[in-house]
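Here is the structure we will look at, set down as structure tokens.
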Amino acid sequence: SILGWKEYEMEVMRDADDNAVVICSIENFDPCGVHTGDSITVAPAMTLTDRQYQFMRDASFAVIRAIGVETGGSNIQFAVHPDTGRVIVIEMNPRVSRSSALASKATGFPIAKIAAKLAVGWRLHELANDITRKTKACFEPSIDYVVVKVPRFAFEKFPEAD
232 SILGWKEYEM
242 EVMRDADDNA
252 VVICSIENFD
262 PCGVHTGDSI
272 TVAPAMTLTD
282 RQYQFMRDAS
292 FAVIRAIGVE
302 TGGSNIQFAV
312 HPDTGRVIVI
322 EMNPRVSRSS
332 ALASKATGFP
342 IAKIAAKLAV
352 GWRLHELAND
362 ITRKTKACFE
372 PSIDYVVVKV
382 PRFAFEKFPE
392 AD
């Protein structure tokens with residue numbers, strides 16, 4: 232069982248030339264077993280060691296290649312054992328997802344827009360960074376702040392619920 236393990240996500244992109252970048256790492260405040268949509272999440276991940284981050288980065292690229300994501304964005308979710316540090320892949324979404332929206336908001340990197348351009352033949356090194364207007368989309372975003380997403384449970388939509 233992975234209940235109680237720490238959960239992390241990597242939002243990644245790949246172009247048709249096999250250039251791949253991490254857009255954002257995300258850490259779930261709640262342990263595995265709490266759905267990502269119901270969890271407080273933090274971007275970028277705050278408690279990963281550099282070794283764990285690099286392992287997840289490499290594993291994310293290996294996963295999208297093995298699955299066959301030739302262009303566009305993907306979200307790979309990992310579980311990390313709190314004592315041993317063992318890392319396993321628990322889910323992969325080969326598309327733009329809710330986590331992509333958080334990663335885009337956190338970094339300013341327009342994942343959906345870039346994914347659409349990659350789908351019609353553009354390459355990461357050809358697309359300008361919307362924020363800097365100088366660097367290209369092949370540069371991995373780096374942020375000097377923390378973004379926290381807190382779920383909102385719309386109980387008013389279910390007045391009969393307990």
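With the sequence shown counted from 1, adding 231 to any position gets you our numbering. We put the CB at the ideal spot given by N, CA and C, even for glycine. Every value quoted in this text rests on a predicted model; they were computed, and no experiment measured them.
Next on the checklist: So if DSSP puts R245 in a beta bridge, which residue, or which two residues, is it bridged to?
Outcome noted: A251, G303
Item to check | Pairwise C-alpha distance: T366 and A343 | outcome: 18 Å
Checklist entry - Near M287, what residues of its chain come up, given a Cβ to Cβ distance below 8 Å and the 5 sequence neighbours on each side ignored? => result Y239, M241, S256, L279, I307, F309, V318
Item to check | Contained alpha helix (DSSP H) runs [length at least 4] in the stretch 314-358, N- to C-terminal order | outcome: 329-338, 342-350
Next on the checklist: Less than 8 Å between the C-beta atoms of T315 and A350, yes or no?
Outcome noted: no
Checklist entry - Between I233, M244, A332, which lies nearest to K348 when the distance is taken from Cα to Cα? => result M244
Next on the checklist: Let me check one thing: in DSSP terms, what residues is S291 bridge-paired to?
Outcome noted: Partner(s): none; S291 has no beta bridge.
Next on the checklist: Assuming the contact rule is C-beta atoms closer than 8 Å, I233 and I321 should be a hit. Round their C-beta distance to whole Å, please.
Outcome noted: 7 Å
Checklist entry - Which same chain residues, not among the five before or five after H312, have their C-beta less than 6 Å away from its C-beta? => result W236
Next on the checklist: When you compare the stretch 291-302 with the stretch 377-393, are there three or more beta-carbon pairs, one atom per stretch, that lie closer than 8 Å?
Outcome noted: no
Checklist entry - Quick one, are the C-beta atoms of T267 and S330 less than 8 Å apart? => result yes
Next on the checklist: Quick check: what's the CA-CA separation for A385 versus S270?
Outcome noted: 15 Å
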